[in-house]
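Chemist: Take the sequence shown: its letters are residues 18 to 315, numbered as in the working numbering. Glycine included, C-beta positions come from ideal geometry on N, C-alpha and C.
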Amino acid sequence: MVLQRFLLLKQIFRPGFRAALMIVFAVLLFGCRENTNNLAEPQISSENQASPQLEWTLSETADDILAFGNPSGASADPSNRDNYLIRDDSAAFSYNNSRGTPNWAAWKTTADDLGKSIPRPEFAPDRRLPAGFRRIRPADYTGSGYDRGHLLPSADRFGRPDANERSFWMTNIVPQAGDLNQFPWRKLESYSRALVRRGLEVYTFAGVYGEMGRLRGRVTVPTNCWKVMLVLERDAAVIDSETRIIAVDMPNIDGIKDVGWREYRTTVRAIESKTGLDLFSSLPRELQEILENRIDVR
Numbered sequence: 018m019v020l021q022r023f024l025l026l027k028q029i030f031r032p033g034f035r036a037a038l039m040i041v042f043a044v045l046l047f048g049c050r051e052n053t054n055n056l057a058e059p060q061i062s063s064e065n066q067a068s069p070q071l072e073w074t075l076s077e078t079a080d081d082i083l084a085f086g087n088p089s090g091a092s093a094d095p096s097n098r099d100n101y102l103i104r105d106d107s108a109a110f111s112y113n114n115s116r117g118t119p120n121w122a123a124w125k126t127t128a129d130d131l132g133k134s135i136p137r138p139e140f141a142p143d144r145r146l147p148a149g150f151r152r153i154r155p156a157d158y159t160g161s162g163y164d165r166g167h168l169l170p171s172a173d174r175f176g177r178p179d180a181n182e183r184s185f186w187m188t189n190i191v192p193q194a195g196d197l198n199q200f201p202w203r204k205l206e207s208y209s210r211a212l213v214r215r216g217l218e219v220y221t222f223a224g225v226y227g228e229m230g231r232l233r234g235r236v237t238v239p240t241n242c243w244k245v246m247l248v249l250e251r252d253a254a255v256i257d258s259e260t261r262i263i264a265v266d267m268p269n270i271d272g273i274k275d276v277g278w279r280e281y282r283t284t285v286r287a288i289e290s291k292t293g294l295d296l297f298s299s300l301p302r303e304l305q306e307i308l309e310n311r312i313d314v315r
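(1) Inspect the beta-carbon positions of Thr221 and Lys244 and report whether they are closer than 9 angstroms.
(2) Just reading off the beta strand (DSSP E) that Gln262 is part of, what are its end residues?
(3) Just to confirm, is the Cβ distance from Ile270 to Ala223 under 9 angstroms?
(4) Going by beta carbon distance, what residues of the same chain come within less than 8 angstroms of Asn241, once the five residues before and after it are set aside?
(5) Taking the continuous alpha helix (DSSP H) assigned at Pro201, which residues delimit it?
(6) Taking all protein chains shown into account, decide if Met187 is buried (16 or more other Cβ within 10 angstroms of its Cβ) or exposed.
(7) In the DSSP assignment, find the unbroken beta strand (DSSP E) run with Pro192 in it and report its ends.
(8) Please give me, in chain order, every unbroken run of the alpha helix (DSSP H) with length at least 4 that falls completely inside the region 242-302.
(9) Give the C-beta separation of Thr283 and Ile312 to the nearest angstrom, bearing in mind that I take them to be a contact with Cβ-Cβ under 8 angstroms.
(10) In chain order, what are the residue ranges of uninterrupted beta strand (DSSP E) at least 3 long that sit wholly in the region 66-137?
(11) So, at 6 angstroms on beta carbons, what are the nonlocal neighbours of Asn100 in its own chain, with the 5 sequence-adjacent residues on each side left out?
(12) How would you write the range of the alpha helix (DSSP H) that Ala180 sits in, first residue to last?
(13) So for Ile312, helix, strand or coil by DSSP?
(14) Using beta-carbon positions only, say whether Glu206 and Ala172 come within less than 9 angstroms of one another.
(15) Could you spell out where the beta strand (DSSP E) holding Phe222 opens and where it closes?
(16) Distance check for Gln305 and Arg116, CA to CA, integer angstroms please.
(17) Give me the Cα-Cα distance between Phe140 and Pro178, rounded to the nearest whole angstrom.
(18) To the nearest angstrom, how far is the alpha carbon of Leu296 from that of Ala123?
(19) Using beta-carbon positions only, say whether Ser298 and Met246 come within less than 9 angstroms of one another.
(20) Return the chain-ordered list of same chain residues with a C-beta closer than 8 angstroms to the C-beta of Glu280, the five sequence neighbours on each side being excluded.
(21) Quick one: residues in its chain with C-beta nearer than 8 angstroms to the C-beta of Asn198, no 5 flanking neighbours on either side, listed in chain order?
(22) With respect to the beta strand (DSSP E) encompassing Tyr163, which residues constitute its N-terminal and C-terminal limits?
(23) Quick one: using the 10 Å Cβ neighbour count with 16 as the cut-off for buried, is Lys133 buried or exposed?
(24) What's the C-alpha gap between Leu217 and Ile263?
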């Protein structure tokens, strides 16, 4: 019965029968492909996409001095002689026994740290170094033509006489050319304190790299001195993509007394490349990418 009806319809619609079948086949084929594509390309909800972390908050229990990380993973293990961690309530240092200088220093400066000028202490060896370490003496610099240059400036601790005295210990000192120490380096130190007097707080890393000779075979003269300053409003706890960071990399040479410190501005990432350090390692990577690749222009 069904076959008879099919043959009857075929006779009636013979002229367009084949065309009709082709149309039906094409519609079915297109519909299958469309359904397949819909299955192959599911829509991803924006709620499932992770957004970059562009803020970081200082914990109330954070270490003020190394709040942003330990740049070289320095430790107080005496066997770690060229990356030995020295720290107190004022500053932290990575000391390099082979060089006879710090690799870097870290400190925070607030209004309470500043004050009127106080009597200048004498330079002295650091008694905190373990037995067997090379204790650099002030006399190792005598007659060398280099200044005993501070990483942590003495004036950043006029408000704390005990910390000011420790700033003259030789683990905070590096050989600096007179023109560097007394002009662009010192002017940047003064600028940092001016920011603090305006109600800001400054977190600082400073250090050296390179080698161009030794003093009495004991103290390495660096080719460059660098400094990185993160500036926050007083008691501020949030670091974001607008946080100001000043980074400078200065040559350890004479003949630059008329050069302003701003001429030596660079990026944190450039300093990391030269030193092998990881500054601001506590910050989220996305935030580091922004802050560490930007040159301060203020």
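Modeler: Concretely, from the data shown:
(1) As a working note, residue 221 is residue 204 in the sequence shown. As a working note, residue 244 is residue 227 in the sequence shown. Yes; because the gap between Cβ atoms is below 9 angstroms, this pair is in contact.
(2) Here residue 262 corresponds to residue number 245 of the sequence shown, with the count starting at 1. The sequence shown places Ile at residue 262, rather than the Gln named in the question. Where Ile262 is concerned, the enclosing beta strand (DSSP E) stretches over 261-268.
(3) Residue numbering aside, residue 270 sits at position 253 when the sequence shown is read from its first letter. Residue numbering aside, residue 223 sits at position 206 when the sequence shown is read from its first letter. Not a contact, by the Cβ cut-off of 9 angstroms.
(4) Against the sequence shown, residue 241 aligns to sequence position 224. Within the same chain, Asn241 has close Cβ partners Val225, Tyr226, Gly227, Asp266, Met267, Pro268, Asn269, Lys291.
(5) Numbered from its first residue, the sequence shown carries residue 201 at position 184. Where Pro201 is concerned, the enclosing alpha helix (DSSP H) stretches over 201-214.
(6) Taking the sequence shown and counting its residues from 1, the one referred to as residue 187 is at position 170. Per the 10 Å Cβ criterion, buried.
(7) As a position in the sequence shown, residue 192 is number 175, starting the count at 1. In the DSSP assignment, Pro192 falls within the unbroken beta strand (DSSP E) covering 190-194.
(8) Taking 4 residues as the minimum length, the alpha helix (DSSP H) runs contained wholly in the region 242-302 are 285-292, in order along the chain.
(9) As a working note, residue 283 is residue 266 in the sequence shown. As a working note, residue 312 is residue 295 in the sequence shown. Indeed they touch by this definition, with Cβ atoms about 6 angstroms apart.
(10) 72-74, 101-104, 109-113, 118-126
(11) As a first step, residue 100 is located in the sequence shown; it is residue number 83 there, counting from the start. Closer than 6 angstroms at the Cβ level, and outside the excluded window around Asn100, lie Ser89, Ala91, Ser111.
(12) Sequence index remark: in the sequence shown, residue 180 carries index 163 (1-based). Ala180 -> alpha helix (DSSP H) spans 178-183.
(13) For the purposes of this step, residue 312 is identified with residue 295 of the sequence shown, where counting begins at 1. Three-state DSSP puts Ile312 in coil, outside helix and strand.
(14) Here the question's residue 206 lines up with position 189 in the sequence shown. Here the question's residue 172 lines up with position 155 in the sequence shown. Result yes, Cβ atoms of Glu206 and Ala172 sit closer than 9 angstroms.
(15) As a first step, residue 222 is located in the sequence shown; it is residue number 205 there, counting from the start. That run of the beta strand (DSSP E) goes 217-226.
(16) In the sequence shown, the residue the question calls residue 116 occupies position 99. In the sequence shown, the residue the question calls residue 305 occupies position 288. So the alpha carbons of these two residues sit roughly 30 angstroms apart.
(17) On the sequence shown, residue 140 is found 123 positions in, with the first residue counted as 1. On the sequence shown, residue 178 is found 161 positions in, with the first residue counted as 1. Computed Cα separation, rounded: 14 angstroms.
(18) In the sequence shown, counting from the first residue as 1, residue 296 sits at position 279. In the sequence shown, counting from the first residue as 1, residue 123 sits at position 106. The straight-line gap from Cα to Cα measures roughly 11 angstroms.
(19) Counting from 1 along the sequence shown, the entry for residue 298 is found at position 281. Counting from 1 along the sequence shown, the entry for residue 246 is found at position 229. No, they are not a contact pair.
(20) Looking up residue 280 in the sequence shown gives position 263. The residues are Pro201.
(21) As a working note, residue 198 is residue 181 in the sequence shown. The residues are Asp164, Gly166.
(22) As a working mapping, residue 163 is identified with position 146 in the sequence shown. Segment 163-167, the beta strand (DSSP E) holding Tyr163.
(23) Your numbering for residue 133 matches position 116 in the sequence shown. Classification of Lys133: exposed, given that the 10 Å Cβ count is below 16.
(24) For the purposes of this step, residue 217 is taken as residue 200 along the sequence shown, with counting starting at 1. For the purposes of this step, residue 263 is taken as residue 246 along the sequence shown, with counting starting at 1. Roughly 14 angstroms separates the two Cα atoms.
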